[in-house]
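All remarks here apply to the structure that follows.
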Amino acid sequence: MVFPYSCYKLCKEVGFPPGVVNVVTADFLSTPSIGTVLCSHPLVRHVSFFGSTDVGRCCIAPNRIFVQSEIYDEFIRILIEKVTPLKAGNPMDKSSSYSGLTDQRRYDHVAQIVDLTIKQGAKLTYQAEKVPECGPYHFPLTILTECKTSMDICQYEIFGPVFAIYKYIHESVRFEQEAEVFEAMNQGIYGLASYVYSAEIDQVLRTVDELEYALVSVNDIHPFEMLVPFGGLKESGSGNLLGLRSIYGFLDESSVIINHE
1 MVFPYSCYKL
11 CKEVGFPPGV
21 VNVVTADFLS
31 TPSIGTVLCS
41 HPLVRHVSFF
51 GSTDVGRCCI
61 APNRIFVQSE
71 IYDEFIRILI
81 EKVTPLKAGN
91 PMDKSSSYSG
101 LTDQRRYDHV
111 AQIVDLTIKQ
121 GAKLTYQAEK
131 VPECGPYHFP
141 LTILTECKTS
151 MDICQYEIFG
161 PVFAIYKYIH
171 ESVRFEQEAE
181 VFEAMNQGIY
191 GLASYVYSAE
201 IDQVLRTVDE
211 LEYALVSVND
221 IHPFEMLVPF
231 GGLKESGSGN
241 LLGLRSIYGF
251 LDESSVIINH
261 E
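In this text, residue positions in the sequence shown follow the UniProt record's numbering: the first is 1, and each later residue adds one.
So, in structure tokens, the structure goes:
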């Protein structure tokens, strides 16, 4: 709740008139009734909602990581080297990289999907230690390898500290294999953010053209800028935040037809 209050304070400091910006607080039980009022009251002219039924980590964090077979083993090795020093701790401690999940339901969801994925044939390649300081809902950082697109984990947004790694074989003369990878990348009901890492610009352009995601970041971890629309495809949402296009949603349009006869 720190962020909404800090924004509200800044709005007051820059001179917004009273009543223009308001912060309405809610808890787990009151949220449905408050949301109903905000979405149905005639005085509310426009609603821009940013959120989801699943919470617990960055909504644009990748769930499925497809790695070309030639670099697969090296990628796993480097990934383990990078995540091993990450510290789990108090989220208010700047040295902490991650902490516990939001509640028991979220913890159970992540634990169940990891257990199911292992039962379906994936390999538990790495898992950090549990950290008591993070509370009862801390799920240790986990790397699952040898994942298959037929597994349940490929259909969900995990919303937990879990890497699901998929291997694909890519040969320059086998475009049918590449098409299969594109199909696997796009399967599922969500289409918010995706990431492409490659030194081959032709490969990048082919991949970007095939991806069914509203946000695509190439060789970077930030798939958005303030001047471009931020939104989702499929079940990831409709409409946009940021950019000029987001302003259009707050404007009224009129169509005028004139008969000159």
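We treat Cβ as the ideally placed atom computed from N, Cα and C, and that holds for glycine.
- Separation of the CB atoms of Phe75 and Val181 is rounded to 15 Å, and the pair is thereby denied contact status at 8 Å.
- The three-state secondary structure of Ile80, taken from DSSP, is helix.
- Taking 8 Å as the cut-off, the beta carbon of Gly160 is found no closer than this to the beta carbon of Leu215.
- It is roughly 21 Å from the alpha-carbon of Glu183 to the alpha-carbon of Gly237.
- In this structure, the alpha-carbon of Gly249 lies about 25 Å from that of Val14.
- Taking the Cα positions, Ala111 is about 16 Å away from Gly121.
- Per DSSP, the continuous beta strand (DSSP E) segment holding Glu146 begins and ends at Thr142 to Cys147.
- Residue environment: Thr207 is assigned as buried (16 or more neighbouring CB atoms within 10 Å of its CB, all protein chains considered).
- In terms of Cβ geometry, Leu141 and Lys123 do not form a close pair [threshold 8 Å].
- For the pair Val196 and Leu79, the Cα-to-Cα distance works out to about 16 Å.
- The three-state reading of DSSP puts Lys87 in coil, since its state is none of H, G, I, E or B.
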